[in-house]
Amino acid sequence: MALTSADVRNAETLKKDYKLRDDKGLYLLVETNGSRTWKFSYRFDGRSKVITLGPCPEVTLAFARQLRDEARELIADGTDPLTRCEKREVFSPSVETFEAVARDWLERVYRFEVSEEQFRRTKRQMENYLISSIGKRVVSEVTPEDLKSLAAALGAEGHLDKGKRVLGIAKRVYGHARDTGVAGFQQTGALRRRLTGSGTEPEFLLSTREQLFNLASGVLGQWSRTTTTAALKLTVWLLARPSEIVNARWSDMDLDAGEWRIRRKNPDSPDGNKIITVPLPRQAVELLREMEPITGRQEYIFPGTRDRKKHLGASTLTGALKKVTRTTPVSTDNLRTLAATALGELGYQAEQIQSQLLNQTGDEQSDRQLYQEKRREMLQAWADYLDNTVIGKVTRR
Numbered sequence: 001m002a003l004t005s006a007d008v009r010n011a012e013t014l015k016k017d018y019k020l021r022d023d024k025g026l027y028l029l030v031e032t033n034g035s036r037t038w039k040f041s042y043r044f045d046g047r048s049k050v051i052t053l054g055p056c057p058e059v060t061l062a063f064a065r066q067l068r069d070e071a072r073e074l075i076a077d078g079t080d081p082l083t084r085c086e087k088r089e090v091f092s093p094s095v096e097t098f099e100a101v102a103r104d105w106l107e108r109v110y111r112f113e114v115s116e117e118q119f120r121r122t123k124r125q126m127e128n129y130l131i132s133s134i135g136k137r138v139v140s141e142v143t144p145e146d147l148k149s150l151a152a153a154l155g156a157e158g159h160l161d162k163g164k165r166v167l168g169i170a171k172r173v174y175g176h177a178r179d180t181g182v183a184g185f186q187q188t189g190a191l192r193r194r195l196t197g198s199g200t201e202p203e204f205l206l207s208t209r210e211q212l213f214n215l216a217s218g219v220l221g222q223w224s225r226t227t228t229t230a231a232l233k234l235t236v237w238l239l240a241r242p243s244e245i246v247n248a249r250w251s252d253m254d255l256d257a258g259e260w261r262i263r264r265k266n267p268d269s270p271d272g273n274k275i276i277t278v279p280l281p282r283q284a285v286e287l288l289r290e291m292e293p294i295t296g297r298q299e300y301i302f303p304g305t306r307d308r309k310k311h312l313g314a315s316t317l318t319g320a321l322k323k324v325t326r327t328t329p330v331s332t333d334n335l336r337t338l339a340a341t342a343l344g345e346l347g348y349q350a351e352q353i354q355s356q357l358l359n360q361t362g363d364e365q366s367d368r369q370l371y372q373e374k375r376r377e378m379l380q381a382w383a384d385y386l387d388n389t390v391i392g393k394v395t396r397r
């Protein structure tokens, strides 16, 4: 039987080493000294072999499965994954260069947060502007002035947005260094604050749990019945884009079935539209039923404050999200990143998470039905996770 995140989290240290087996050769080795390590056992050329994939919890269950699948693909192609691993630099806290930490963050964290196109773009910017300049330096010795000078140089060349982007990438690398225990990052609060010019830790340096509590308490903790507050809650529960939320019409909703049908333009379809069906978690259905007496006679679920025939502005929604999470403002993009991380910890596969964030559907009818069931389960788990975060208790799969 496949492992769950709860199985991994609750694995206890015993008097003897033991293995928690997942499937397809993946297992977690729990040792008497308390260490926990992901390993993959396989056969190649008639011999049994084992690869160490990395420590737990630094390597999550979802990431360990991905590494296992990559190794199985190599075996299918006639390549021994062990020889490939021997040639590959493996990240550990003792490898302290900026490049080592940055590449580890890219592969272990960022790859699961964004599309492949966005991943390649960020990787290219990192290599061109950060690794080429400071990649060989010890990461804890790179100063805020070093990073700001890189950004300033890009700005002087007319690439102000690119400079800000590069600085943002560097901040994420610093956060990853802290989270993975790189030496020198236990007393770097002052340095991190100087990167933003603020006395409070920026959002990328807070743990995922802290950011989620900030988000959940700021949005879901509100008792206001305004349309903006309701739209915010729906945005958080459904992980939808603000433009999609504010354009939602009552005619798009089937509350009895618990579904929201988003219409998108598609020249290939007979009527020029494509329907994306988003399952609604219980909390969203309850909220919409509360909204019916208020805006049910309007076309839009969230009408504008001045003109009720128009919908609420998307910028109003994004601004409100940052306002209610003002201690460490959360953007809509950051919301989706947090959700991807949390859902991964809850045991959902990267493909499932990405398809939800992109609002994709399966091609065949049977695939769509199975996909919708998994999607409904995942969105309900996410909504429950946020509710439980507010009261300090998280239920995992």
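Under the UniProt record's numbering, the sequence shown has 27 at position 27, and the numbering climbs by one with no breaks. Where is the CB? At the ideal position from N, CA and C, for every residue including glycine.
Cα-Cα separation between residue 344 and residue 110, rounded to whole angstroms: Counting from one through the sequence shown, the residue named residue 344 turns up at place 344. Counting from one through the sequence shown, the residue named residue 110 turns up at place 110. Roughly 12 Å between the two C-alpha positions.
Boundaries (first-last residue) of the alpha helix (DSSP H) holding residue 280: As a working mapping, residue 280 is identified with position 280 in the sequence shown. That residue, residue 280, is in no alpha helix (DSSP H); it is neither H nor E in DSSP.
Can you give the beta carbon distance from residue 347 to residue 5, rounded, assuming they're within the 8 Å contact cut? Taking the first residue of the sequence shown as 1, we reach residue 347 at position 347. Taking the first residue of the sequence shown as 1, we reach residue 5 at position 5. Their Cβ separation, rounded to whole angstroms, is 4 Å, which keeps residue 347 and residue 5 in contact under 8 Å.
Using only the alpha-carbon positions, how far apart do residue 102 and residue 70 sit? Locating residue 102 in the sequence shown gives position 102, where the first residue counts as 1. Locating residue 70 in the sequence shown gives position 70, where the first residue counts as 1. One C-alpha to the other measures close to 21 Å.
In the DSSP assignment, find the unbroken beta strand (DSSP E) run with residue 109 in it and report its ends. As a working mapping, residue 109 is identified with position 109 in the sequence shown. The continuous stretches of beta strand (DSSP E) do not include residue 109, and DSSP gives it neither H nor E.
With a CB to CB cut of under 7 Å and the five nearest residues on each side skipped, what residues in its chain are close to residue 60? In the sequence shown, residue 60 corresponds to position 60, counting from 1. Cβ within range, chain order: 344 and 345.
Take the Cβ of residue 68 as the centre, count every other Cβ of all protein chains shown within 10 Å, and call the residue buried at 16 or more, exposed below. As a working mapping, residue 68 is identified with position 68 in the sequence shown. Classification for residue 68: buried.
Does the beta-carbon of residue 379 have 16 or more other beta-carbons within 10 angstroms, so that it is buried, or is it exposed? As a working note, residue 379 is residue 379 in the sequence shown. Residue 379 comes out buried.
Residue 152 versus residue 108 - alpha carbon distance: Taking the sequence shown and counting its residues from 1, one reaches residue 152 at position 152. Taking the sequence shown and counting its residues from 1, one reaches residue 108 at position 108. Taking the straight line joining both Cα atoms gives about 29 Å.
Thinking residue 215 and residue 317 are a contact (beta carbons under 8 Å), I'd like their distance in whole angstroms, please. The residue you call residue 215 lines up with position 215 of the sequence shown. The residue you call residue 317 lines up with position 317 of the sequence shown. Not confirmed; about 14 Å, so no contact.
What are the partner residues of residue 142, as DSSP defines its beta bridges? Locating residue 142 in the sequence shown gives position 142, counting from the first residue. According to DSSP, which records beta bridges pairwise, residue 142 is partnered with nothing at all.
Chain B within 8 Å of residue 304, Cβ atoms only: Although the question refers to chain B, the structure presented lacks it and comprises just one protein chain.
Can you have a look at residue 296 and say buried or exposed, based on whether 16 or more other CB atoms are within 10 angstroms of its CB? Here residue 296 is taken as the residue at index 296 of the sequence shown, counted from 1. When all chains shown are included, residue 296 counts as exposed.
Report the rounded CA-to-CA distance for residue 306 versus residue 284, giving the unit in angstroms. Here residue 306 refers to the residue found at position 306 when the sequence shown is read from its first residue. Here residue 284 refers to the residue found at position 284 when the sequence shown is read from its first residue. Between residue 306 and residue 284, the C-alpha separation is close to 25 Å.
In the structure shown, what three-state DSSP assignment does residue 55 receive? For the purposes of this step, residue 55 is taken as residue 55 along the sequence shown, with counting starting at 1. It is a strand residue.
Quick one: Cα of residue 36 to Cα of residue 8, how far? If you number the sequence shown from 1, residue 36 lands on position 36. If you number the sequence shown from 1, residue 8 lands on position 8. Straight across, the Cα-Cα distance linking residue 36 with residue 8 is about 9 Å.
Per DSSP, which one or two residues make a beta bridge with residue 101? Here the question's residue 101 lines up with position 101 in the sequence shown. DSSP output for residue 101 lists no bridge partner at all.
By a C-beta neighbour count over all protein chains shown, 10 Å radius and 16 as the cutoff for buried, is residue 204 buried or exposed? Start at 1 with the first residue of the sequence shown, and residue 204 comes out as number 204. Residue placement at residue 204 is poorly supported in this model, since its pLDDT is 36, which falls under 50; the coordinates are not used for a value here.
For the alpha helix (DSSP H) that residue 233 lies in, which residues bound it at each end? Along the sequence shown, one-based indexing puts residue 233 at 233. Counting along the chain, the alpha helix (DSSP H) containing residue 233 begins and ends at 227-238.
Comparing alpha-carbon positions, which option in 73, 27, 242 and 78 lies nearest residue 46? Locating residue 46 in the sequence shown gives position 46, counting from the first residue. For residue 46, the nearest C-alpha among the options comes from 78.
One question on the structure: do residue 281 and residue 250 come within less than 8 Å of each other, judged by their Cβ atoms? As a first step, residue 281 is located in the sequence shown; it is residue number 281 there, counting from the start. As a first step, residue 250 is located in the sequence shown; it is residue number 250 there, counting from the start. Their beta carbons are not under 8 Å apart, which means residue 281 does not touch residue 250 by this criterion.
With burial defined as no fewer than 16 other Cβ atoms inside 10 Å of the residue's Cβ, what is the status of residue 76: buried or exposed? To locate residue 76, count along the sequence shown from 1; it is residue 76. By the neighbour-count rule (16 or more Cβ atoms within 10 Å), residue 76 is not buried but exposed.
Span separating the alpha-carbon of residue 154 from that of residue 19: As a position in the sequence shown, residue 154 is number 154, starting the count at 1. As a position in the sequence shown, residue 19 is number 19, starting the count at 1. Note on geometry: alpha-carbon atoms of residue 154 and residue 19 lie some 51 Å from one another.
Grab the span of the alpha helix (DSSP H) containing residue 316 for me, first residue to last. Numbered from its first residue, the sequence shown carries residue 316 at position 316. Per DSSP, residue 316 belongs to the alpha helix (DSSP H) from 314-324.
Within the same chain, show all residues whose beta-carbon is closer than 8 Å to that of residue 43, passing over the 5 residues directly before and after it, in chain order. Start at 1 with the first residue of the sequence shown, and residue 43 comes out as number 43. Result list for residue 43: 49, in chain order.
Cβ pair residue 302, residue 248 closer than 8 Å: Counted from its first residue, the sequence shown places residue 302 at position 302. Counted from its first residue, the sequence shown places residue 248 at position 248. Contact flag set, yes.
From residue 376 to residue 279, what distance separates their C-alpha atoms? For the purposes of this step, residue 376 is taken as residue 376 along the sequence shown, with counting starting at 1. For the purposes of this step, residue 279 is taken as residue 279 along the sequence shown, with counting starting at 1. Looking at the two C-alpha atoms, the distance is approximately 5 Å.
Is DSSP giving residue 129 helix, strand or coil here? Counting from 1 along the sequence shown, the entry for residue 129 is found at position 129. Residue 129: helix per DSSP, three-state reduction.
Is residue 283 near the ligand PLP, with its Cβ less than 7 Å from a heavy atom? Of ligands this structure carries none, so the ligand PLP is not represented either.
Taking its Cβ as the centre, do 16 or more other Cβ atoms sit within 10 Å of residue 275, making it buried, or is it exposed? Position 275 of the sequence shown, counted from the first residue, corresponds to residue 275. Classification of residue 275: exposed, given that the 10 Å Cβ count is below 16.
In this structure, how does DSSP classify residue 1 when only helix, strand and coil are distinguished? Position 1 of the sequence shown, counted from the first residue, corresponds to residue 1. In this structure, residue 1 counts as coil in the three-state DSSP scheme.
Cut-off 6 Å between Cβ atoms - residues of its own chain near residue 54, not counting five sequence neighbours on either side: As a position in the sequence shown, residue 54 is number 54, starting the count at 1. Correct list, in chain order: 38.
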